[in-house]
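As numbered in my numbering, residues 478 to 786 make up the sequence shown, in order. C-beta: ideal position from N, C-alpha, C; glycine also. Report on the following structure.
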Amino acid sequence: MNLQNELNKAEGFKNLELLAKQVVEGFIAGMHKSPFHGFSAEFAEHKIYNQGESTRHIDWKLFAKTDKLYTKRYDDETNLRCHIIIDNSSSMHYPSMTNFSIHHLNKIAFSALASASLMGILKKQRDAVGLSIYSDAYDYYAPEKGSERHHQMLLNQLSAMVTQKPVNRKTDTYTYLHQIAEKIHRRSLIFLFTDMFQAMEDPNKLFEALRHLKYNKHEVILFHVFDKEKELLFNFDNKPKRFVDVETGEFINLYADTIKHNYNDAVSAFFKEVQYNCLKYNIKYVEVDVNADFNNVLMTYMVERKKFA
């Protein structure tokens with residue numbers, strides 16, 4: 478199946494579930510020899526069916542061979558709870574795009590498709606997932622549930638988030654992470670997708686909020702989403718350009734080469750500071766380049782789920 482054609486037919490992100498399914502299937506196919514492949518879609522053992530039990534997990538293929546009823550017992554029927562948090566500020570919609578493809582995504586589209594892929598795995602494992610979206614307001618909240626209706630509602634919200642581009646919306650991560658932390662009462666895996674670009678003067682407040690997310694023994698994974706080619710390496714041609722702050726509208730005119738070295742040093746130092754603080758507060762930090770594939774996100778989930786008990 479040509480995923481780019483599917484995207485075009487779907488007019489952007491209306492076919493998000495199909496795309497997420499393809500991402501997950503490609504990931505699983507590529508790791509079939511991995512020790513992490515045995516999540517709950519695969520059973521641990523058979524047990525004899527006892528009259529009165531649910532028939533949901535009867536292995537009918539085995540019945541056809543043996544004429545006996547057995548049910549499948551699964552490894553990870555854990556009722557895991559997962560909450561996905563997405564930064565929807567204007568900077569997350571960089572670079573500006575009107576058409577998306579599986580290999581051509583901006584930060585918000587990458588975050589949405591990665592989240593939908595995680596949701597697909599969680600659904601297959603019969604686990605509960607919730608969603609929070611914030612910018613300069615608490616845009617959306619849904620508690621952790623596992624129903625099909627809930628799953629479709631979250632997919633629709635993710636699709637709308639990508640296509641409805643906010644204008645000059647700053648990030649107030651500090652405020653809304655505290656609010657989200659107050660809403661998550663039962664121990665959960667928490668995934669945060671953000672580019673870490675903050676308007677606040679004191680960056681320590683952000684990590685105070687991340688620490689609050691770890692309250693009640695939650696596990697927090699920070700997916701630091703960025704366009705490596707442009708936002709880290711600053712690879713622009715040396716023609717005169719106007720660089721605009723999409724959250725404030727402020728701009729500067731310059732030649733890229735005149736500041737590239739200093740820019741690289743400053744951003745690299747910032748990334749290292751983020752990594753250090755995550756390590757300090759026992760938060761899992763994962764760099765996510767939107768120009769790469771989704772394996773880094775999905776493998777992180779598989780590893781963290783194995784550790785989550």
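Between V721 and the set Q499, V501, S609 and S573, the nearest pair of CA atoms involves S573.
Here DSSP, grouped into helix, strand and coil, assigns D672 to coil. Under the 10 Å beta carbon count, K647 is surrounded by 16 or more other beta carbons and is classified as buried. The way I'd put it, the stretch 608-622 doesn't touch the stretch 570-589; fewer than three beta-carbon pairs between them come closer than 8 Å.
Per DSSP, reduced to three states, the secondary structure at H662 is coil, with no helix or strand assignment. Taking 8 Å as the cut-off, the beta carbon of S531 is found no closer than this to the beta carbon of I563. By the neighbour-count definition (other C-beta atoms within 10 Å, threshold 16), P643 is a buried residue.
CA-to-CA, the gap between E750 and T548 works out to about 51 Å. Separation of H695 and Y618 (C-alpha to C-alpha, rounded to the nearest whole angstrom) is 18 Å. In the structure shown, H581 falls within a strand segment according to DSSP collapsed to helix, strand and coil. Following the DSSP letters along the chain, one finds G607 inside the beta strand (DSSP E) bounded by residues A605 to Y611. In this model, Y732 and S578 are separated by some 30 Å (Cα to Cα). Linking F748 to E708 through their CA atoms gives a straight-line distance of about 11 Å. According to DSSP, C755 shares a beta bridge with no other residue. A residue is called buried when at least 16 other Cβ atoms come within 10 angstroms of its Cβ; V765 meets this threshold and is buried.
In this structure, F703 sits away from Y758, with a CB-CB distance that is not shorter than 8 Å. For N715, the CB contacts under 7 Å within the same chain, skipping 5 residues up- and downstream, are Y732, A733 and D734 in chain order.
Residue pairing by DSSP puts E696 in a beta bridge opposite L666. With a 10 Å radius around the Cβ and a threshold of 16 neighbouring Cβ atoms, L666 comes out buried. The three-state reading of DSSP puts T548 in strand, counting E and B together. Taking 8 Å as the cut-off, the Cβ atoms of T652 and Q675 do not count as close. Between S636 and L493, the gap from beta carbon to beta carbon is short of 8 Å.
Just measuring C-alpha positions, the residue of N730, C559, D672 and S745 sitting nearest K660 is C559. Nearest to Q629 by C-alpha distance, out of T640, L654, G726 and K600, is K600.
Residue pairing by DSSP places E764 opposite H701 in a beta bridge. Between the beta-carbon of V501 and that of S594 there is about 5 Å, and that keeps the pair under the 8 Å contact cut.
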